[in-house]
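So the structure is just underneath, and the comments pick up after that.
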C-alpha cells in the first residue's frame with residue numbers, strides 16, 4: 006500500500022513512517038516546508054509542504070492509496086494551534102476529496118473527552134467534552150479537527166478510523182503533564198497512585214499500522230493505551246532516576262489539588278469576574294484532565310483490532326531512558 010503520512014517529521018510521525026516501512030508499505034512522507042527531513046531510506050518520497058497550501062502536495066497525494074493524518078500543533082496559543090491544526094486540516098481534506106483516496110486513519114487524542122463526567126473507566130463510549138474551551142488550546146484544536154475529519158469522511162464515504170492515544174511518550178518526549186509539577190528541588194505528584202494512560206511512541210505507531218488495512222463502512226474509534234497498570238509514582242521515579250536528578254517526590258492527594266483548583270477559580274471570579282485567568286494547574290477542568298484517578302480500557306483494541314503493545318513498559322523505559330529498571 007502507498008501511504009501518505011502528514012506530520013511525518015514529528016515525534017509520532019517519524020515512528021509511524023518507520024513502522025510502515027518495516028511492514029512493507031511505500032511511504033510518502035509530508036514534512037513542514039521549513040523543516041529538514043529525517044534520515045529515511047531513499048524509498049521514502051519526501052514532500053516538503055504546508056498543509057494550508059494544497060498545490061504543494063496535491064500531485065503526491067494523488068499517488069496514494071491511504072492517508073495517515075498525524076499533523077497537529079502541540080504548542081502555541083489558541084489562535085496559533087487552531088490555525089495550524091484545524092484550518093490546515095480543512096485545506097488538506099479539501100485536497101483529499103479531489104483525490105481517489107478513500108482510506109483515512111486520523112490521529113486524535115483522549116484530551117477531547119469530558120473528564121469531569123467520566124466515571125470509573127474511560128473507553129470509546131465515554132462522553133466528549135461539551136465545553137472544550139475549558140480545557141485549553143490543544144484540546145480545542147483537536148476537538149475541532151476530529152469533527153471536521155468526521156464530517157468530511159461521512160460526506161465523501163471515506164473508510165475512516167480515528168485513534169485517540171493517551172500520553173504518547175519516548176526518549177524525545179519523556180515529560181508528561183500527568184506526572185505533576187516540578188518546583189525547584191520538589192516535584193509534586195497529584196494522586197501518586199493514579200494510573201497513567203501511557204502510549205509508548207513505538208507502540209502507538211504499531212497500532213496505527215495495525216489499523217491501516219481495515220476499511221470500516223462507518224467511522225470507527227479506538228482509544229490507544231498500552232495498559233493502565235503504571236502509576237504516577239512509578240513513572241516519576243524512573244524519569245528522575247534516568248536524569249540523575251535529586252528530586253524530592255511529594256505526594257499530593259488528588260482531591261486536595263482539585264479542591265484547591267475550585268477555590269482558586271472561585272476567588273478569581275470574585276476578584277476579577279469572568280475575565281480572570283489562572284494557571285492551567287488551577288483550572289479545575291484542566292486539573293481533572295491531567296490527574297483524575299480513573300481506569301483506561303483497552304478492551305476494544307484487543308477484541309476488534311487484536312492489538313497488544315509489542316514493547317512492554319519495562320522495555321520502553323530501558324529504550325527511552327537507557328536505564329535498567331526493576332518491576
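In the working numbering, the protein residues as written are 6 to 332.
Each residue gets a CB set at the ideal place from its N, CA and C atoms; glycine is no exception.
Report the partner residues of residue i according to the DSSP bridge assignment.
i: residue 256; result: 194
i: residue 170; result: 229
i: residue 35; result: 52
i: residue 213; result: None; residue 213 has no bridge partner.
i: residue 7; result: 31
i: residue 204; result: 173
i: residue 93; result: Residue 93 is not bridged to any residue.
i: residue 133; result: 118
i: residue 71; result: 8 and 108
Within a Cβ cutoff of 7 Å, which residues of the same chain sit near residue i, ignoring the five residues on either side of it in sequence?
i: residue 18; result: 10, 12 and 75
i: residue 199; result: 236, 237, 259, 296 and 298
Less than 6 Å between C-beta atoms, sequence neighbours within five positions excluded: which residues of the same chain meet that for residue i?
i: residue 331; result: Confidence in residue 331 is poor, its pLDDT being 45 and thus under 50, which makes the residue's placement unreliable; the coordinate value appears in the next sentence. Nothing meets the Cβ criterion.
i: residue 226; result: 129 and 167
i: residue 212; result: 229 and 312
i: residue 89; result: 78
i: residue 333; result: Shown here, the chain extends from 6 to 332; a query on residue 333 therefore has no answer.
i: residue 215; result: 310 and 312
Can you tell me whether residue i is buried or exposed? The criterion is at least 16 other CB atoms within 10 Å of its CB, across all chains shown.
i: residue 85; result: exposed
i: residue 276; result: exposed
i: residue 180; result: exposed
i: residue 325; result: buried
i: residue 134; result: buried
i: residue 150; result: buried
i: residue 368; result: Nothing in the structure corresponds to residue 368, since the chain is present only between 6 and 332.
Would you report the Cα separation of residue i and residue j, rounded to the nearest angstrom?
i: residue 66; j: residue 305; result: 31 Å
i: residue 121; j: residue 50; result: 44 Å
i: residue 137; j: residue 144; result: 7 Å
i: residue 176; j: residue 184; result: 16 Å
i: residue 269; j: residue 38; result: 43 Å
i: residue 231; j: residue 131; result: 18 Å
i: residue 239; j: residue 173; result: 17 Å
Would you check whether the ligand NAP has a heavy atom nearer than 7 Å to the C-beta of residue i?
i: residue 210; result: Inclusion of the ligand NAP in the displayed structure is not the case, the ligand content being empty and no account of it being possible.
Who are the Cβ neighbours of residue i in its own chain at under 8 Å, not counting the five residues just before and after it?
i: residue 142; result: 81, 82, 83, 85, 86 and 87
i: residue 222; result: 164
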